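Heads up: the structure comes next, in structure tokens.
Chains as they are written, first to last, in our numbering: chain A, 13 to 291; chain B, 13 to 291.
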């Protein structure tokens, strides 16, 4: 232990100050399908000097391919019912087409990226969702994130690009929610890194008025969150996102930001998006 | 340097004897599409204790998906003309569906596998094929294999599963022949490993009589190869395979074996398949 570390302890500050920074960034919404928006987003992502992990979706492209192949798609509360044919489609689209194109573009921007699904290096182990009411099919709920593997890759200067597919360690791939993967990775990595979790999509943040794109709420703490929910200002898909954000903060994630993918730099600097804070 | 190494040098033996072993195994043919055959092959692969890399094809599944999507496929001398839609298909099938299912199955067999395409970690850099006669489209000819990256992954006990997709480092993915990838990786890794290259597919080896599956030629050296070619016993697709095998041997690969994927253990032990030797 060097003198700086000793000084830090003496001053009563947490030794966490010495941890390296890690950005865990989820990109979703229509950004994935829009070549120009995606390019701009990846340019910003490649400019991040610290450790970084990108988790992507690709749902709209999967839906399009399913339509082309006449594979009927059923969504319940925004979750895709994943039968055998649908699993094949999401594996091809997420882990194949979207993942490899993002990695190739990052490579061209001097960002040494490595694309992964949850089965690669046993990255994300999950189990098939059990639900007495709805059979979601081959949908995974996460059991374990392989922190050591992630750390060893990051330490080589690699930036990780993760497709939302996990596995059950018995040979079965599982379709897994990308928001949840981002949250679970962020939480799991707090032991070794100062983790910043960013959910980026097509909207500018959490809106006070869904009709007004400029009505972004700058900061939400638990008290304000309750008030917003009680008044039905926040509802539907935003509730699990925010619930998860507060859980992530409680479990050691430094901060959570929700905002527009095209403004990634501003989301990082705090100039844009909604900041979720614990107090 | 320990005394054993010093002894080896004193004895005049090459220090290469101390290199770790690496198996570079290509699996192709109809094995990928046959669940039972693939499972048996992966069981044998997972049993290899030494460093190992698997390069897979998936052409028949790509052709099937192209047909389902009404994307016309054109093959010249067994090489797929790769337009934008076909590139999307092979990226989805090779790097997505086939790669991730193989990795998931290996994980279930206690083999810690990592699936990669050539863009991941800048594994295989290539350029778009230039040919005055035929426009192959987005087909890559390999420039560089990232040996350091491969070595760093193998040293962690990971087994690599590589899809035949490379990139040009300018954001473009490229469809790339899996046999050639196997050969280039094998050659590139000879600096650090004692490399054994195995081409496995549905046939038992190089056949003296194509009608007789039992007429496997045990050993082929350059003189015998010339004789076989002169007498038209070896022709078509087998010629580039064997030409490449001899080049690999010249460039330091320890041995090359061609044979049946279901007999992988016997191919390794020398009990099955055709051995290509340099003298």
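No residue lacks a Cβ here, since even glycine has one placed at the ideal position from N, Cα and C.
Remember, predicted model here, so these are calculated numbers, not experimental data.
Would you list the one or two residues that DSSP bridges to residue i?
{"i": "residue 125 of chain B", "result": "B/171"}
{"i": "residue 231 of chain A", "result": "A/287"}
{"i": "residue 37 of chain B", "result": "B/66, B/210"}
{"i": "residue 45 of chain A", "result": "BP columns for residue 45 of chain A are empty, so no partner."}
{"i": "residue 219 of chain A", "result": "A/228"}
How would you list, in chain order, the residues of chain B whose beta-carbon sits under 8 Å from the beta-carbon of residue i?
{"i": "residue 124 of chain A", "result": "133, 134"}
Which same chain residues end up closer than 6 Å to residue i when comparing Cβ atoms and leaving out the 5 residues on each side of it in sequence?
{"i": "residue 170 of chain A", "result": "124, 126"}
{"i": "residue 23 of chain A", "result": "With a pLDDT of only 44 at residue 23 of chain A, under the threshold of 50, the placement of this residue in the model should not be trusted; the figure read from the coordinates follows. So the list is empty, once near-sequence residues are dropped."}
{"i": "residue 166 of chain A", "result": "63"}
{"i": "residue 206 of chain A", "result": "31, 33, 266"}
{"i": "residue 16 of chain B", "result": "Reliability fails at residue 16 of chain B, whose pLDDT of 42 lies under 50, so the model's placement of it is uncertain and no value is given."}
{"i": "residue 102 of chain A", "result": "74, 187"}
{"i": "residue 107 of chain B", "result": "129, 175, 177"}
{"i": "residue 208 of chain B", "result": "35, 266, 267"}
{"i": "residue 78 of chain A", "result": "85, 101"}
{"i": "residue 95 of chain A", "result": "149"}
{"i": "residue 141 of chain B", "result": "148, 151, 153"}
{"i": "residue 134 of chain A", "result": "158"}
{"i": "residue 70 of chain A", "result": "44, 105, 106, 110"}
{"i": "residue 56 of chain B", "result": "276, 277"}
{"i": "residue 246 of chain B", "result": "240"}
Show which residues of chain B have a CB atom less than 7 Å away from the CB atom of residue i.
{"i": "residue 109 of chain A", "result": "100, 103, 104, 108"}
Report all residues from its chain with a CB closer than 8 Å to the CB of residue i; omit the five preceding and five following residues, and keep chain order.
{"i": "residue 138 of chain B", "result": "130, 152, 153, 154, 155, 178, 179, 180, 186, 188"}
{"i": "residue 10 of chain B", "result": "As displayed, chain B neither begins before 13 nor continues past 291, which places residue 10 of chain B out of reach and without an answer."}
{"i": "residue 43 of chain A", "result": "49, 50, 53, 212, 213, 214, 273, 274"}
{"i": "residue 13 of chain B", "result": "For residue 13 of chain B, the pLDDT reaches just 38, beneath the cut-off of 50, and the residue's location in the model is therefore unreliable, although a value from the coordinates is still provided. None."}
{"i": "residue 262 of chain A", "result": "290"}
{"i": "residue 281 of chain B", "result": "none"}
{"i": "residue 72 of chain A", "result": "42, 44, 45"}
{"i": "residue 87 of chain B", "result": "93"}
{"i": "residue 25 of chain A", "result": "For residue 25 of chain A, the predicted model reports a pLDDT of 44, less than 50, meaning its position is unreliable and no value from the coordinates is stated."}
Chain A partners of residue i, CB-CB under 7 Å?
{"i": "residue 115 of chain B", "result": "131, 132"}
{"i": "residue 120 of chain B", "result": "181, 182, 183"}
{"i": "residue 112 of chain B", "result": "103, 107, 129, 131, 177, 185"}
Just to make sure I have the definition right: I need the residues of chain A whose C-beta is within less than 9 Å of the C-beta of residue i. Which are they?
{"i": "residue 66 of chain B", "result": "Correct list: empty, because the minimum Cβ distance to chain A is about 13 Å."}
{"i": "residue 71 of chain B", "result": "Those do not exist, as residue 71 of chain B stays about 15 Å from chain A at its closest Cβ, beyond 9 Å."}
Using a Cβ-Cβ cut-off of 7 Å (strictly less than) and excluding sequence neighbours within five positions of residue i, which residues of its own chain qualify?
{"i": "residue 202 of chain A", "result": "263, 264, 265"}
{"i": "residue 99 of chain B", "result": "150, 185, 187"}
{"i": "residue 191 of chain B", "result": "38, 211, 253, 256"}
{"i": "residue 163 of chain B", "result": "204"}
{"i": "residue 260 of chain A", "result": "195, 198, 199, 209, 268"}
{"i": "residue 287 of chain A", "result": "230, 231, 267, 269"}
{"i": "residue 121 of chain B", "result": "54, 55, 58"}
{"i": "residue 83 of chain A", "result": "97, 98, 101"}
- Could you name each continuous beta strand (DSSP E) segment of 3 residues or more that falls completely within the region 135–204 of chain A, going from the start of the chain to the end? 136–140, 152–157, 171–174, 177–179, 185–187
- Query: What residues in the region 177–189 of chain B bring their beta carbon closer than 9 Å to a beta carbon of chain A?
  - Reply: 177, 179, 180, 181, 182, 183, 184, 185
- Message: Ignoring anything shorter than 4 residues, give me the alpha helix (DSSP H) runs that lie fully in the region 238–274 of chain B, in order along the chain.
- Response: 250–262
- Query: Just by C-beta distance, which residues in the region 162–176 of chain B are closer than 8 Å to chain A?
  - Reply: 164, 168, 170
- Could you pull out every unbroken alpha helix (DSSP H) segment of at least 4 residues lying fully inside the region 59–133 of chain A, listed in chain order? 71–80, 96–102, 111–120
- Message: Please identify, using Cβ separations under 7 Å, the residues of the region 76–88 of chain A that lie next to chain B, in order along the chain.
- Response: 80, 81
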